[in-house]
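Below: one structure, written as structure tokens.
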Amino acid sequence: MLGLDSFVATLLGGVSLLLVLRRLRSSRPSLTPKSVALVVLGDIGRSPRMLYHATSLASNGYTTHIVAYRGSPPPDALAQDPHVRFTYLAPPAPWVSALPRPLFVLLLPLKVLAGAWALLRALVAIPVAPAFLFVQNPPAIPTLAVVKLVALARGSRVVIDWHNTGYSVLALRLGARHPVVRLAKFLELLFGRTAYAHLCVSDAMKAHLVQDAKLRGRVVTFHDRPPASFRRQTEQEAHELFLRLPALSTLSFPPSVLPRPLAHPPGTDPASRSTLFTTASGHPAAPRPALLVSSTSWTLDEDFGVLVEALELYDRAARALARSRSSSASASPADAEGTDLPRLGALRTDSTGTHRPREVPPLVVLVTGRGARRAAFEQEVERREKARWEWVRCRTGWVERGDYPRLLGSADLGVSLHTSTSGIDLPMKVVDMFGCGLPVVALEFPCIGELVQDGVNGRTFRTAEDLADRLITLLQAHPQPFPSDLDVLRAGIPEATYGGRGGGGGGAERQGQGLGEGEGEGGGARETARWGSWEDSWDRVVRPLLAP
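Numbers given in our numbering equal positions in the sequence shown, counted from 1, plus 61.
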């Protein structure tokens with residue numbers, strides 16, 4: 062028998078649902094074809110693909126209602142666009158996700174119900190029924206069910222942008238065979254099966270969902286692409302950025318590795334300052350360290366311990382090679398360093414008995430992003446730098462939106478540790494790096510070849526040893542006046558992503574390499590693979606889906 066409190070709560074809930082349904086029915090006739098609601102149950106400021114969608118929709122004259130959690134601020138141009146409206150939801154309490162597994166599972170239904178109610182109220186409050194409901198997946202629960210309900214009542218068409226599968230993300234926390242994960246998969250495929258259109262970030266995802274979920278509607282592959290503003294930076298632009306970023310402007314190496322830049326008193330004119338990478342005039346310093354960049358949200362699907370171990374091997378190799386040079390120009394690294402020389406392919410002896418490479422540069426690593434696992438990474442890096450690292454410096458930090466493409470366009474090499482919980486999504490960070498003409502070393506997983514082609518526009522690796530080997534091979538004798546392996550990889554990045562937009566181009570356009578968009582009902586025929594900016598790709602693939 063229900064208690065008084067439960068009875069009142071149930072009664073209020075029923076009355077509220079009736080009011081919502083009445084509001085839905087009354088709003089249906091006002092549907093306008095040039096309006097869209099874009100749903101992101103996440104921090105909209107850290108959802109670049111959805112922000113790019115919003116920009117493209119607004120530029121095509123759609124009144125765009127963004128329903129999302131408040132977090133990092135969106136771009137100023139989007140926030141001030143008269144076609145864009147923001148509706149912010151209250152984010153879920155972060156302590157729920159940090160609970161031990163049994164308590165997390167116990168409170169998960171309450172978290173889902175609270176999120177569903179908030180999202181339902183927000184979508185109902187949109188005064189003009191949107192013609193399309195664009196929804197980011199994951200999270201699938203409760204997003205897909207609520208969006209389908211609203212679409213049914215208001216006559217809107219649902220477009221699901223499949224970034225990944227939500228149940229595979231949940232499996233990281235609970236395990237793939239957990240009953241909650243199985244239920245989540247059932248619900249995600251049930252509510253995600255039917256939609257007006259499905260956008261998949263990879264061909265592998267499209268094939269998997271068509272077969273596993275039996276998707277209904279128009280199914281297209283829409284690969285991520287960088288916006289047209291992403292490009293290589295000029296020497297002066299890179300110099301100004303290095304002066305501005307605290308994580309880079311305060312670095313130093315031992316004098317035996319790299320002389321410390323001249324100290325400049327506070328208030329010194331920036332025009333007279335130098336950095337580890339550039340002279341006061343803005344030209345590249347000689348010698349200078351190599352700059353490796355990565356970005357992450359510090360989630361469970363990226364193991365940065367692999368990077369730490371690779372940097373450990375790189376530092377050992379750099380010390381061994383430096384000692385061999387200082388002892389004798391003809392001595393081998395093994396003679397100088399003994400067994401401390403890592404057993405890596407890049408350090409093996411060739412047929413003439415000569416070790417390769419003869420030297421590697423000091424290495425600066427900058428990892429951008431925020432997340433709960435960052436502190437542990439920073440502590441481990443600090444411990445190793447104090448204990449023994451001489452040739453490696455690693456820093457983390459948050460880079461403002463406008464400086465992020467500038468950083469990528471000023472770096473020497475990018476690294477991706479994205480593992481893909483499903484094995485069928487692709488890391489957008491790599492797309493951003495390619496947009497800035499930056500070669501990438503990426504962790505190997507089943508569909509990474511749709512983006513990073515080993516030896517063409519980047520290199521792939523499986524272990525820390527593989528990663529260290531790639532770094533040594535690519536960065537040896539850096540920088541060089543003659544073409545290096547990095548130059549070869551940069552030439553393999555399609556020119557359409559960066560070479561034609563100024564600032565440091567020089568790529569070769571590549572066609573027919575599985576890098577384009579595919580379209581069709583449940584699989585369909587693929588068009589010729591093409592690269593281009595986000596704007597070009599969106600106009601070609603997404604805009605036709607919205608035509609009356």
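Think of the CB as a built atom: it goes at the ideal place given N, C-alpha and C, for glycine as much as any other residue.
Asked: Nearest-angstrom Cα separation, counted from Leu248 out to Cys497; Found: 39 Å
Asked: Cβ-based burial, Gln141 [other Cβ within 10 Å; buried from 16]; Found: exposed
Asked: Unbroken alpha helix (DSSP H) run spanning Ile533, endpoints; Found: 525-536
Asked: Collapsed DSSP secondary structure at Gly75 in the structure displayed; Found: Below a pLDDT of 50, predicted positions are generally treated as unreliable, and Gly75, at 48, falls in that range; the measurement from the model is reported next regardless. Reduced to three states, the DSSP call for Gly75 is helix.
Asked: Collapsed DSSP secondary structure at Lys275 in the structure displayed; Found: coil
Asked: Rounded C-alpha distance that separates Asp515 from Ser477; Found: 13 Å
Asked: Given 8 Å, three or more beta-carbon pairs between the region 98-107 and the region 126-137; Found: yes
Asked: The alpha helix (DSSP H) enclosing Tyr465, as first and last residue numbers; Found: 464-469
Asked: DSSP-derived helix/strand/coil call for Thr295; Found: coil
Asked: Whole-number beta carbon distance between Leu528 and Val367, since they are thought to touch under 8 Å; Found: 6 Å
Asked: Own chain partners of Asp600 with C-beta closer than 7 Å, once the 5 adjacent residues on each side are dropped; Found: none
Asked: Rounded Cβ spacing between Leu304 and Thr336 (contact assumed at less than 8 Å); Found: 6 Å
Asked: N- and C-terminal bounds of the beta strand (DSSP E) containing His126; Found: 124-130
Asked: Nearest neighbour of Gly470, chosen from Arg110, Ser217, Gln297 [CA to CA]; Found: Gln297
Asked: Glu443 burial status per 10 Å Cβ neighbour count (16 or more: buried); Found: exposed
Asked: contact_flag[the region 425-437, the region 348-359] where n(CB pairs < 8 Å) is 3 or more; Found: yes
Asked: Where the beta strand (DSSP E) through Arg238 begins and ends; Found: Note, Arg238: premise wrong, no beta strand (DSSP E); not H, not E.
Asked: Inter-residue spacing [alpha-carbon to alpha-carbon] between Ala379 and Met266; Found: 41 Å
Asked: Separation of Arg215 from Ala190, as counted between CA atoms; Found: 6 Å
Asked: Secondary structure of Pro109, DSSP reduced to three states; Found: helix
Asked: Check whether Leu251 and Val220 have beta carbons under 8 Å apart; Found: no
Asked: CA-to-CA distance, Val196 to Pro240, given in whole angstroms; Found: 26 Å
Asked: Check whether Ala232 and Val242 have beta carbons under 8 Å apart; Found: yes
Asked: Supposed contact pair Thr521 and Asn225 - C-beta distance, whole angstroms, cut 8 Å; Found: At roughly 20 Å, the Cβ-Cβ gap does not stay under 8 Å, so Asn225 and Thr521 are not in contact.
Asked: CB-CB length for Val421 against Ile533, believed under 8 Å; Found: 6 Å
Asked: Residue span of the alpha helix (DSSP H) that contains Ser598, given as start and end; Found: 595-602
Asked: For Ile221, three-class secondary structure by DSSP; Found: strand
Asked: Closest Cα partner of Phe506 within the set Asn518, Asp493, Thr524; Found: Thr524
Asked: Contact test: Gly593 Cβ vs the ligand SAH heavy atom, cutoff 7 Å; Found: Ligands displayed in this structure: none; no statement on the ligand SAH is therefore possible.
Asked: Spatial neighbours of Trp595 in its chain, beta-carbon cut-off 7 Å, leaving aside the 5 residues before and after; Found: Tyr113, Arg286, Pro287, Pro288
Asked: DSSP-derived helix/strand/coil call for Glu301; Found: helix
Asked: Contact under 8 Å by Cβ, Ile105 with Gly132; Found: yes
Asked: Residue environment, Thr116, which counts as buried when at least 16 other CB atoms sit within 10 Å; Found: buried
Asked: Local Cβ density within 10 Å of Thr311, reported as buried at 16 or more and exposed below that; Found: exposed
Asked: C-alpha distance - Ser229 paired with Pro200, whole-angstrom precision; Found: 11 Å
Asked: Distance CB(Glu439)-CB(Val369) smaller than 8 Å; Found: no
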